[in-house]
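Residue numbers (our numbering): 27 to 184. The structure appears right after this line, and notes come after that.
Below you can see the structure in the form of structure tokens.
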């Protein structure tokens, strides 16, 4: 690993671990110049944990796995591959990374930051899909911002 994590945090619940890994991952991606959203639904009905767009419009999808159990019960990640140029798993330092496929990127994260331990392979998303995903990203970001400005508004969401 590129960084040393001397005292891994042990979380009381899986949601706490997921939130911490997600937060650290988003910090990493934002520091890399990407715009990030969490919990983004695709047109297939699936929902990615983190979707990030770089300045060129390339999409990175990150699937957060907080535990071995979390990984074992969820195999839908392969359905995300057509919707990104890069795909990563983000896991806590205590995760047994040897079980993850070598064909995708790996991020080790905690609540305060993250590091890329294995770069993701570069893909090329279909242009029509990229346009639709970018539009979905923009509309979702705008809706979330509007919700912060006016939480009592009950307008239809995308």
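Built from N, CA and C at the ideal position, the CB exists for glycine as well. Since the model is a prediction, treat every value here as computed from it, not as a measurement.
| Query | Result |
| --- | --- |
| Can you name the start and end residues of the beta strand (DSSP E) that residue 139 belongs to? | 139 to 144 |
| Could you check how far apart the C-beta atoms of residue 130 and residue 109 are, in whole angstroms? I think they sit under 8 Å. | About 14 Å; that fails the 8 Å criterion. |
| Specify the secondary structure class of residue 121 as computed by DSSP and reduced to three states. | coil |
| Going along the chain, which residues of its own chain have a beta-carbon closer than 7 Å to the beta-carbon of residue 159, five neighbours each way excluded? | 85, 109 |
| Please give me, in chain order, every unbroken run of the beta strand (DSSP E) with length at least 3 that falls completely inside the stretch 38 to 92. | 61 to 67, 73 to 79, 85 to 90 |
| Pairs of beta-carbons, one from the stretch 118 to 135 and one from the stretch 153 to 172, closer than 8 Å: are there three or more? | no |
| Taking 7 Å as the limit between beta carbons, can you name the residues of its chain near residue 63, skipping five residues before and five after? | 77, 163, 166, 167 |
| Identify whether residue 116 lies in helix, strand or coil by the three-state DSSP scheme. | strand |
| Decide if the stretch 92 to 108 is in contact with the stretch 50 to 63; the criterion is three or more beta carbon pairs, one per stretch, under 8 Å apart. | no |
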